[in-house]
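Right, one structure below, let's go through it.
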Amino acid sequence: MTGWRRTVLFAVAVAVAAVLGAGGGFAAGAEDAEEVKAMVYKSPTCGCCSKWIDHLEANGFEVESKDVANVTPVKRMNGVPMNLASCHTAIIGGYFIEGHVPAEDVKRLLAERPDVAGLAVPKMPMGSPGMEGPKPERYSVLAVKKDGTTEVFAQHGP
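In my numbering, the protein residues as written are 3 to 160.
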């Protein structure tokens, strides 16, 4: 099997896993995180990703994580614009959650159910969940529309 075919097959397998992970835990009309499962795709060596997972769990989410060598195919298959990419991608309630998005914003997303593809916190801003540190930065959580355009969903930090 050529490297190209192997890559395509891996991407398809990741997409199927993402779809199955996204749909498995969402109860229609659910507003409580306890009713929603999060599937997080991350590098096996990423410490801040594990801290973000701890943040979700501390806020009532049931989280399953999958270590993958390359998270990019997961991002592409779920419509994450590459200019918004961060270190991990989650699928929660049918939405992608890219990067260090606070649990309170995920809960708001699930309660309001806007017509967007997901939420993103580009890069890895200091002070976001999983990226705590001595000099927190102000950062925006972006709502990513299905056409890839964005608008500010929430702002955090000093």
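Beta carbons: idealized from backbone N, C-alpha and C, even for Gly.
Please read all numbers here as calculations on a predicted model, not as lab measurements.
- Apart from sequence neighbours up to five positions away, the residues of its chain that approach Glu-66 with a beta-carbon distance below 8 Å are Gly-23, Lys-39, Ala-40, Met-41 and Val-42, ordered along the chain.
- Using a Cβ distance threshold of 7 Å, Val-143 and Val-118 do not count as a contacting pair.
- Here Gly-81 is not near Gly-129, since their CB atoms are 7 Å or more apart.
- For the options Pro-83, Cys-50 and Lys-53, the alpha carbon positioned closest to that of Asp-149 is the one of Pro-83.
- Close CB contacts of Glu-153 within its chain, under the 6 Å cut and outside five residues either way in sequence, are with Ala-145 (chain order).
- If the five residues before and after Asn-85 are omitted, its C-beta is found closer than 8 Å to the C-beta atoms of Pro-124, all from its own chain and listed in chain order.
- The Cβ atoms of His-57 and Gly-135 do not sit closer than 7 Å to each other.
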